[in-house]
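Letter by letter, the sequence shown follows residues 14 to 467 in this note's numbering. Positions of the beta carbon are idealized from the N, C-alpha and C atoms, including for glycine. No experiment lies behind these values; they were computed from the predicted model shown. Please read the structure below before turning to the comments.
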Amino acid sequence: MTAGVAALADQLARGETTSAALTETFLARIAERDKSINSFITVTGELARNAAAESDRRRAAKMARGPLDGVPIALKDNIDLAGVPTTAGIEARRKRVSATDAPVTARLKAAGAVILGKLNMHEGAHGATTANEAYGFCHNPDRRGFTPGGSSGGSGAAVAAGLCAAALGTDTLGSIRIPSSFCGIAGLKPTRGLVSARGVVPLAWSLDHVGPMAPKAADLSLMLEVIAGRDSADSYSAHTPAPINFALEGLSSLKGLRLGRVAIDGTVDPDVASGYEAALALLTRLGAEIVAADLDGFDHAQLRSKALLVIEADLALIHAEDLEKSPAGFTQIFRDGIEFGVKQSAPKLAAAYEAIRAVGPIAARLFASVDALVTPTTPVPAFSFEQPMPKTITAFTAFANYAGAPAVSVPMGFTKDRLPMGLQVTGRPFADMTALRIAAAYEQAAGWDMRPAD
């Protein structure tokens with residue numbers, strides 16, 4: 014893992030390096046290291062070099078656009094970048110060149126960020142392993158042959174391997190936070206509607222979110238400040254109830270904060286369970302009051318099947334034209350999922366939407382009694398591509414998608430087998446910065462060195 018956005022922004026501001034030098038360093042790393050990881054689908058070297066040169070000219074003229082100006086980042090390949098294919102990890106979209114930038118891409122460009130390329134992902138974002146048959150499996154930088162998580166697996170792997178300072182991912186049931194946990198980095202799923210999802214190939218319109226992934230929580234804050242904002246052309250874009258202060262000041266004390274904890278059962282890996290207990294003990298030493306979370310009425314297993322129904326029904330509409338024209342451009346498992354969605358009755362689909370909507374009141378009751386919910390990010394660490402994906406993989410992450418709440422994952426150390434683990438902090442809707450500040454306080458106090466072994 015390399016320096017993140019905050020550290021590189023500081024170096025650029027001090028004149029210790031240039032955007033051109035940083036960009037060449039990252040492009041060289043991609044050429045050398047990504048052969049074994051396969052985190053990039055497309056590298057936009059010429060675009061990046063041109064943007065870096067422009068950034069350096071602005072800094073020389075003392076007209077830098079902010080901390081992101083000149084910092085090299087990358088995009089998950091379901092986010093539009095003008096003039097570059099947006100594959101969404103789907104073979105049928107291999108040559109689908111985007112005519113315009115997605116709003117999040119445009120915001121990053123306007124802030125002066127240098128875009129290095131487009132990142133590997135699970136096919137259509139419909140999975141959590143990034144075992145992509147069309148563009149090649151993306152490997153965990155800590156363990157070749159192991160998943161980096163998904164669907165934003167390329168984003169997690171690229172950040173962890175030091176191939177970009179930060180990346181954007183998308184998250185429907187946990188697709189930013191799962192790879193963040195598996196790869197030992199930080200990742201944020203913002204409040205629903207805080208960041209525009211227009212110009213992104215969707216998985217499920219009502220559950221999709223776009224968010225940043227980076228080495229540290231401070232990097233997430235800098236990224237969020239740039240990409241957040243009202244988009245009147247996005248029907249899910251939200252008006253914030255009050256202006257958000259994006260400054261992330263490290264909390265030396267969590268005194269006065271009540272944090273909800275969850276009970277751990279046998280589906281949670283023993284090392285993850287031990288790491289979680291140690292994290293709660295550290296949060297207590299930082300001054301937080303830890304209480305049992307009131308999640309009565311929330312049943313992950315029941316809601317998972319309903320969420321998958323919604324996702325696969327949406328996919329049937331999203332990809333209808335491509336499926337008709339080039340069905341061979343999709344894997345059989347992807348087509349099977351869509352076929353399942355097509356066959357479900359309208360009343361069954363309506364019941365699924367209602368079950369998801371009912372999580373809102375559960376979340377409101379929870380956040381009336383606690384400032385945030387703290388859980389493991391995933392119940393298991395990364396696993397081999399030869400192993401089946403556990404059905405419990407979204408057990409802790411999906412709640413935030415259903416509730417539209419912000420959730421951040423930061424490293425929680427390693428298992429005995431040296432696989433990264435993540436701690437998740439879920440906050441009230443629009444309390445993104447509260448969740449980030451709690452996560453940053455833990456991150457700073459824990460002091461984990463999450464650099465991949467090699």
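Taking the continuous alpha helix (DSSP H) assigned at residue i, which residues delimit it?
i	result
G288	283 to 298
V213	Unbroken run through V213: none, as it is neither H nor E.
G540	This structure does not reach residue 540, given that the chain is present from 14 up to 467, and the question cannot be answered.
D445	445 to 459
Y366	359 to 370
A411	411 to 416
Among the candidates the options, whose CA atom is the shortest distance from the CA of residue i?
i	options	result
F412	I451, S52, F427, A320	A320
K75	A44, G96, R27, L379	R27
A147	A341, G269, L296, D114	A341
I191	G224, P215, F353, S209	G224
A381	A199, L272, G212	L272
H252	N258, A260, G242, A246	G242
L328	E399, A217, M425, D155	A217
H313	I369, A292, R274, L121	I369
A230	S219, G197, R211	G197
G435	P374, A291, L81, K338	A291
A123	S68, N153, F150	S68
G200	I189, V208, S209	I189
D468	R211, R46, S165	There is simply no residue 468 to check, as the chain begins at 14 and stops at 467 in what is shown.
R156	R205, M226, L362, S397	S397
G137	L121, I331, F353, A408	I331
M463	A119, I406, V423, A41	V423
E59	A453, V127, T142	V127
V387	I92, A364, E302	E302
A444	L299, N258, K429	N258
L432	P228, N63, T160, S165	T160
A227	A16, T439, Y455, A466	A16
D47	A294, A77, G175, G440	G175
A255	G417, P442, R109	P442
A294	D282, R274, E399	R274
Q345	L220, V56, H139	H139
E456	T185, L267, A73	L267
I277	A73, A459, G460, A305	A305
R298	A458, A365, I375, C151	A458
G79	T57, N51, Q24, D90	Q24
I406	V208, L379, S164	S164
T55	V97, N63, T31	V97
Bridge partners for residue i per DSSP, in chain order?
i	result
L436	P389, V423
H222	D184
R274	A305
T55	K131
G200	M226, S422
I92	V213
V208	A241
P85	V127
S397	F159
P98	V110
What are the boundary residues of the beta strand (DSSP E) that includes residue i?
i	result
L181	180 to 184
Am I right that residue i and residue j are in contact with their C-beta atoms under 8 Å? What's the rounded C-beta distance?
i	j	result
P116	D244	5 Å
L316	Y249	That pair is no contact at about 20 Å.
L285	P392	A small fix is needed here, since residue 285 is Val in this sequence, not Leu. V285 to P392, Cβ: 6 Å. Contact.
L81	V239	6 Å
L235	A171	Contact flag wrong, Cβ pair sits at about 18 Å.
T261	M446	Before going further, note that residue 261 is Leu rather than Thr in the sequence given. With 8 Å as the limit, L261 and M446 qualify as a contact, their Cβ atoms being about 7 Å apart.
A141	G162	6 Å
A61	G83	A61 to G83, Cβ: 11 Å. No contact.
L129	A87	5 Å
G310	M425	Not confirmed; about 27 Å, so no contact.
F195	A395	4 Å
C177	F39	6 Å
A385	V438	5 Å
A365	V421	Actually they do not touch by this definition, with Cβ atoms about 27 Å apart.
Inset, instruction - At 3 residues or longer, and completely inside the segment 111 to 165: list those beta strand (DSSP E) runs for me, N to C. - result: 127 to 132
Inset, instruction - Run through the segment 22 to 50 for me and flag every whole alpha helix (DSSP H) of 4 or more residues, listed as ranges in chain order. - result: 32 to 50
Legend entry - Complete alpha helix (DSSP H) runs within the segment 313 to 344 (minimum length 4 residues, chain order): 313 to 331, 333 to 338
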